[in-house]
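Input: a single structure, listed below in structure tokens.
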Amino acid sequence: MEPILNSLRTLFLALLTSLLLLGFSPAGWADSAEPPAALIEPSAPSGVNANAISSEKISQFVQAYLQVVTLIDQREGELQGAETESDSLRIKQEIEAGAMRLIETEGLTFQEYLQLLTLANVDPEFSDRIVAQLQTLD
């Protein structure tokens with residue numbers, strides 16, 4: 148079980164890093180060129196009690212997470228093969244818009260999604276709850 152948890156934690160961190168590298172910029176970052184330091188160096192989002200997060204919210208997150216991972220996987224080759232900076236920027240914007248639609252379709256805001264993703268990276272108990280939800284989908 149522990150190797151699975153470590154793999155998923157690594158995957159969560161990789162996805163968080165991918166989102167940041169793609170330039171995802173939720174409205175809260177609009178005034179700054181840089182994402183908040185808390186997302187660059189993950190630490191528990193302030194004021195978030197992992198035990199208070201409902202099973203429904205976790206289910207929404209898991210569904211959104213799986214869809215965003217699929218979207219990024221599908222578009223990664225296209226992004227890497229972009230011939231110009233303009234093409235690269237267009238593809239990044241399309242990925243960002245698609246990810247936001249997927250996240251919002253599941254009933255989360257982008258900020259909530261990032262908070263939950265960050266929490267999954269820094270809180271082992273919360274990560275275990277996410278893993279348990281993922282395993283029910285197998």
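Residue numbers (my numbering): 148 to 285.
Virtual Cβ for every residue (Gly too), placed ideally from N, Cα, C.
Please read all numbers here as calculations on a predicted model, not as lab measurements.
The DSSP-derived three-state label of Asn196 is coil. Excluding sequence positions up to five before and after Gln207, its CB lies within less than 8 Å of the CB of Glu253, Gly254 and Leu255, all in the same chain and listed in chain order. Taking a C-beta distance under 8 Å as the contact criterion, Gly245 and Leu218 qualify as a contact pair. A Cβ-Cβ separation of about 12 Å leaves Ala199 out of contact with Asp270 under the 8 Å criterion. The criterion of a C-beta distance shorter than 8 Å is not satisfied by Ile250 and Val216. Cβ neighbours of Arg222 within its own chain (closer than 7 Å, five residues either side excluded): Ile238 and Ile242. Taking all protein chains shown into account, Glu232 has fewer than 16 neighbouring C-beta atoms within 10 Å of its C-beta and is therefore exposed.
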